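What follows is a set of notes on a single structure, which appears directly below.
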Amino acid sequence: MTTVKICGISDAAGFDAAAAAGAEMVGFVFYPPSPRAVTPEGAAALSARMEDGPLRVGLFVDPTDEEIAAALAAVPLGLIQLHGAESPERCAEIRARFGLPVMKALGIGDAADFAALEAYAPVVDRFLLDAKPPAGASLPGGNAAAFDWGLTAGRVIPRPWLLAGGLTPETVARAIRQSGAAGVDVSSGVERARGVKDPGRIGAFVRAARDAAQAG
Ligand SMILES: O=C(O)c1ccccc1N[C@@H]1O[C@H](COP(=O)(O)O)[C@@H](O)[C@H]1O
Numbered sequence: 014m015t016t017v018k019i020c021g022i023s024d025a026a027g028f029d030a031a032a033a034a035g036a037e038m039v040g041f042v043f044y045p046p047s048p049r050a051v052t053p054e055g056a057a058a059l060s061a062r063m064e065d066g067p068l069r070v071g072l073f074v075d076p077t078d079e080e081i082a083a084a085l086a087a088v089p090l091g092l093i094q095l096h097g098a099e100s101p102e103r104c105a106e107i108r109a110r111f112g113l114p115v116m117k118a119l120g121i122g123d124a125a126d127f128a129a130l131e132a133y134a135p136v137v138d139r140f141l142l143d144a145k146p147p148a149g150a151s152l153p154g155g156n157a158a159a160f161d162w163g164l165t166a167g168r169v170i171p172r173p174w175l176l177a178g179g180l181t182p183e184t185v186a187r188a189i190r191q192s193g194a195a196g197v198d199v200s201s202g203v204e205r206a207r208g209v210k211d212p213g214r215i216g217a218f219v220r221a222a223r224d225a226a227q228a229g
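Going by the working numbering, the sequence shown opens with residue 14, and the numbers climb by one from there.
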């Protein structure tokens, strides 16, 4: 089954829609410059809406230990997503210090970018393969930008991985077919305005990803 992560959850309607649709993961953005940013207290209130449900993923960009600790003190995170310029050494340090699995986001523009995966593979649990930020973008992710999905087709990725970048309910099935991804992650594509999730589009995205996986 395709793993689906809905990222940038910042309100109850978005959280409830992701859980009701059966998304495996929801992402809380602990990065203040993002329009989807939540405080640890805000994420805790959303997470408390349901005892079980999706795995709570904390998204950080070049975080300090204190920032991660503050989020973890409030929210039962099951996965730490690192979406900045964290080195393999820093990923290993965070993974060991907090005792949680780490998903490293890497930007893909062409085939040469896959070389970076080798150094990270021993120290992370998952990869998130995203587009590189477009010129002038103020965020390192969440820019609705896609990369060439054919670049991952038939390629051995040394850890489980999610495809991200510019996915939408309308394109996710094609993205899964072309990339061979077993998991997908979306933020902008399920919003009705920048930073505002659309419950209907969240449901449509999860259904489209499921249908694509069943169609094989
Ligand atoms: O979503 C954000 O605001 C964000 C901010 C900083 C780093 C990463 C961010 N989002 C991640 O980027 C992917 C792709 O986003 P999109 O679907 O293209 O908008 C998203 O799934 C998050 O993991």
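Beta carbons: idealized from backbone N, C-alpha and C, even for Gly.
Owing to the predicted nature of the structure, the values given are computational and were not obtained by experimental measurement.
Nearest residue (CA-CA) to residue i, options the options
| i | options | result |
| --- | --- | --- |
| residue 213 | 193, 195 and 183 | 183 |
| residue 17 | 37, 32 and 33 | 37 |
| residue 200 | 219, 107 and 81 | 219 |
| residue 52 | 204, 96 and 24 | 24 |
| residue 26 | 46, 14, 59 and 43 | 59 |
| residue 90 | 82, 74, 69 and 75 | 69 |
| residue 121 | 114, 115, 45 and 130 | 130 |
| residue 110 | 85, 133, 125 and 127 | 85 |
| residue 92 | 139, 149 and 155 | 139 |
| residue 174 | 195, 47 and 156 | 195 |
| residue 178 | 82, 42 and 143 | 143 |
| residue 40 | 123, 141, 223 and 165 | 141 |
| residue 62 | 31, 180, 71 and 74 | 31 |
| residue 165 | 128, 217 and 208 | 128 |
| residue 119 | 176, 107 and 64 | 176 |
| residue 171 | 102, 136 and 75 | 136 |
| residue 7 | 203, 132 and 133 | Since the first residue of the chain shown is 14 and the last is 229, residue 7 is not available in this structure. |
Residue i CB to nearest heavy atom of ligand 1 below 6 Å
| i | result |
| --- | --- |
| residue 198 | yes |
| residue 143 | yes |
| residue 42 | yes |
| residue 49 | yes |
| residue 175 | no |
| residue 152 | yes |
| residue 100 | no |
| residue 192 | no |
| residue 166 | no |
| residue 20 | yes |
| residue 202 | yes |
| residue 178 | yes |
| residue 157 | yes |
Buried versus exposed, by CB contacts within 10 Å (16 or more), residue i
| i | result |
| --- | --- |
| residue 151 | exposed |
| residue 77 | exposed |
| residue 232 | Given that the chain is displayed from residue 14 to residue 229, the structure contains no residue 232 and the question cannot be resolved. |
| residue 163 | exposed |
| residue 169 | exposed |
| residue 187 | exposed |
| residue 221 | buried |
| residue 198 | buried |
| residue 67 | buried |
| residue 116 | buried |
| residue 47 | buried |
| residue 205 | exposed |
| residue 79 | exposed |
Short CB-CB distance (under 7 Å) between residue i and chain D
| i | result |
| --- | --- |
| residue 176 | Although the question refers to chain D, the structure presented lacks it and comprises just one protein chain. |
Beta strand (DSSP E) runs contained entirely in the region 126-193, provided each spans 3 or more residues
The DSSP assignment places complete beta strand (DSSP E) segments of no fewer than 3 residues inside the region 126-193 at 139-144 and 174-176, in order along the chain.
Pick out the complete alpha helix (DSSP H) segments inside the region 61-115, 4 residues or longer, and give them in chain order.
With a minimum length of 4 residues, the continuous alpha helix (DSSP H) runs that stay inside the region 61-115 are 78-87 and 101-111.
Any chance you could list the alpha helix (DSSP H) runs of at least 4 consecutive residues sitting entirely within the region 15-54, in chain order?
For the region 15-54, whole alpha helix (DSSP H) runs of length 4 or above, ordered along the chain, are 25-34.
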